[in-house]
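Data first, discussion second: the structure below is written as structure tokens.
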Amino acid sequence: MDISFRQLRAFILIAETSSFTRTSEQLYLSQPALSYSIRKLEDALGLQLLARNTRSVELTPAGEHFLPQARRMLRDMDDAIRDAHEALNLIRGTIRLGALPTAAASFLPGVIAAFGRDHPGVKISLRDGRAGEVKAWVQNGEVDAGITSLPEDLSGLGFEPLLDDNLMLLVRQEGASKEPDTWKTLPYIALTADTSIRPLADEALRHLGVTTQPAWEVAHMSTAAALVREGIGFSLLPASCTTFLHIGADLSVLPVEQPTRRSLGLLRRKPIGQTPSMQAFLSHLNRCLEGSPTGRR
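Sequential numbering of the sequence shown, starting at 0, is according to numbering that gives the first Met the number 0.
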């Protein structure tokens with residue numbers, strides 16, 4: 000059924016004015032053009048909406064029944080156009096993000112807060128989880144985009160690198176102040192095998208010739224840092240975690256040579272396009288990351 004915005008508006012005005020002449024003047028249409036528009040509307044509906052003669056125009060019973068529906072349709076179309084304009088101009092909008100805990104607890108809160116001050120009508124939701132969870136949320140459409148590490152399988156997904164968040168060695172201060180390799184003799188405090196960090200950390204240790212097995216396996220970086228703080232051992236954690244783990248004078252953060260860089264980026268489904276709100280947020284995110292201590296790629 001092909002019904003246009005102009006046809007609905009013309010029908011409603013005729014019903015309100017009871018006049019083709021006044022309606023054609025208000026719409027800046029010739030009367031033949033107005034009559035043609037109404038005839039096309041009636042043809043599309045298969046109903047006669049107006050009873051016309053040389054002196055007057057009246058609604059038929061079908062027209063009386065259709066009038067409130069036409070008003071509702073016109074109002075819905077007006078609302079849809081207004082919503083589209085407001086979304087385009089960032090007056091309103093919704094952004095659903097998923098992120099790794101390292102991103103969600105380090106640079107993302109500041110980025111979200113600054114964006115919210117500039118665009119208070121855009122609502123942003125944030126879910127934090129492990130890499131596998133973030134990927135599943137993106138695939139299932141539960142979030143619009145995820146900030147996560149590069150997945151092994153990108154089927155149906157696109158990944159845009161944002162920054163490097165490489166591993167660093169976390170060790171208690173006295174363990175770092177002795178011989179440079181003293182930390183290698185300490186117990187290894189590892190993250191659990193289902194985290195995105197663990198394979199990279201194990202690979203880095205092998206690259207450094209450290210063959211020790213984990214003495215501790217924990218799911219959260221804060222737990223690993225707490226164990227290191229008590230002198231129980233060493234751990235390899237992402238550099239971004241130093242912004243929220245409150246690394247003090249009792250701990251040392253040391254660079255570590257690693258064969259594989261850890262890249263964080265934006266994960267999205269393909270070929271779904273970006274909303275105006277998401278486009279603006281990504282531009283804002285990139286500007287913020289230009290000055291991030293973690294560093295852009």
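The beta-carbon is built from N, C-alpha and C at its ideal position, and this holds for glycine as well.
Among L204, I80 and L46, nearest to H64 - alpha-carbon criterion:
With respect to the C-alpha of H64, the residue from L204, I80 and L46 having the closest C-alpha is L46.
I think F19 touches L33, with their Cβ atoms under 8 Å apart; what is that distance to the nearest whole Å?
Approximately 6 Å separates the beta-carbon atoms of F19 and L33; this is inside 8 Å, confirming the contact.
Opposing strand residues paired with R51 [DSSP bridges]
DSSP lists V56 as the beta-bridge partner residues of R51.
To the nearest angstrom, how far is the alpha carbon of T210 from that of Y187?
Distance between the alpha carbons of T210 and Y187: 10 Å.
Using a 10 Å radius around the Cβ and a threshold of 16 neighbouring Cβ atoms, would you call D143 buried or exposed?
Around the C-beta of D143, 16 or more other C-beta atoms lie within 10 Å, and the residue is accordingly described as buried.
Which of the three DSSP states is assigned to T191 in this structure?
Correct three-state label for T191: coil.
In three-state DSSP terms, what is V252?
Three-state DSSP puts V252 in a strand.
Same chain only: Cβ atoms within 8 Å of E202, ignoring 5 sequence neighbours per side
Taking C-beta separations shorter than 8 Å and ignoring five residues to either side along the sequence, the partners of E202 in its chain run Q257, P258 and T259, following chain order.
Within a Cβ cutoff of 6 Å, which residues of the same chain sit near S36, ignoring the five residues on either side of it in sequence?
Q6 and A9.
Range of the contiguous beta strand (DSSP E) that encloses E216:
Where E216 is concerned, the enclosing beta strand (DSSP E) stretches over P213 to V217.
R267 classed as buried or exposed, judged by whether at least 16 other C-beta atoms fall within 10 angstroms
By the neighbour-count rule (16 or more Cβ atoms within 10 Å), R267 is buried.
What residue does the alpha helix (DSSP H) around L288 start on, and which one ends it?
Start and end: P275 to E289.
Considering only the beta carbon of each residue, do S124 and I94 sit closer than 9 Å?
Judged by beta-carbon spacing, I94 lies within the 9 Å limit of S124, meaning their Cβ atoms are closer than that value.
Using the three-state DSSP reduction, which class does P160 fall into: helix, strand or coil?
Correct three-state label for P160: strand.
Residues in its own chain within less than 6 Å of D300 by CB, not counting five upstream and five downstream?
No information on residue 300 is available, as it lies outside the stretch 0 to 296 that the chain covers here.
Can you tell me which of the three DSSP states V121 falls into?
V121: strand per DSSP, three-state reduction.
Taking only the alpha-carbon atoms, compute the straight-line gap between T242 and V252 and give it to the nearest angstrom.
Distance from the CA of T242 to the CA of V252, rounded to the nearest whole angstrom, comes to 12 Å.
Pull up the CB-CB distance for L107 and G264, whole angstroms please, since I reckon it's below 8 Å.
In fact, because the Cβ distance is near 13 Å, the residues do not count as touching under 8 Å.
Assigned secondary structure, T16 (DSSP; H/G/I helix, E/B strand, else coil):
Here DSSP, grouped into helix, strand and coil, assigns T16 to helix.
Inter-residue spacing [alpha-carbon to alpha-carbon] between M76 and R21
Spanning the two alpha carbons is a distance of roughly 24 Å.
Given this structure, state the Cα-to-Cα distance separating S239 from D163, to the nearest angstrom.
When rounded, the separation of the alpha-carbon atoms in S239 and D163 is 9 Å.
The beta strand (DSSP E) enclosing V227, as first and last residue numbers
Careful: V227 lies outside any beta strand (DSSP E), inside the alpha helix (DSSP H) at M220 to R228.
Given this structure, state the Cα-to-Cα distance separating A223 from T184, to the nearest angstrom.
The C-alpha of A223 lies about 17 Å from the C-alpha of T184.
Below 8 Å, how does it come out for the segment 109-123 and the segment 277-289: are there three or more Cβ pairs, yes or no?
The segment 109-123 is in contact with the segment 277-289.
Skipping 5 residues on each side, what residues in its chain have a beta carbon closer than 7 Å to that of A61?
So the list reads L46, Q47 and L48, once near-sequence residues are dropped.
Which two residues bound the contiguous alpha helix (DSSP H) that contains L235?
Boundaries for L235: no alpha helix (DSSP H) harbours it, while the beta strand (DSSP E) harbouring it runs S234 to P237, taken from the DSSP string.
Can you tell me which of the three DSSP states S154 falls into?
Look at S154 here: in three-state DSSP terms it is coil, with no helix or strand label.
By alpha-carbon positions, which one of G272, I196 and H245 ends up nearest to D130?
Rather than Asp, the amino acid found at residue 130 in this sequence is Ala. Here the closest residue by C-alpha is I196.
Quick check on P237: buried or exposed, where buried means 16 or more other Cβ atoms within 10 Å of its Cβ?
Label assigned to P237: buried.
Measure the alpha-carbon distance for S29 versus S23 and round it to whole angstroms.
Roughly 6 Å between the two C-alpha positions.
Whole-Å CB distance - L166 paired with L235, under 8 Å assumed
5 Å between Cβ atoms; contact.
With 16 as the cutoff for other CB atoms within 10 Å, does K134 come out buried or exposed?
With 16 or more other Cβ atoms within 10 Å, it is buried.
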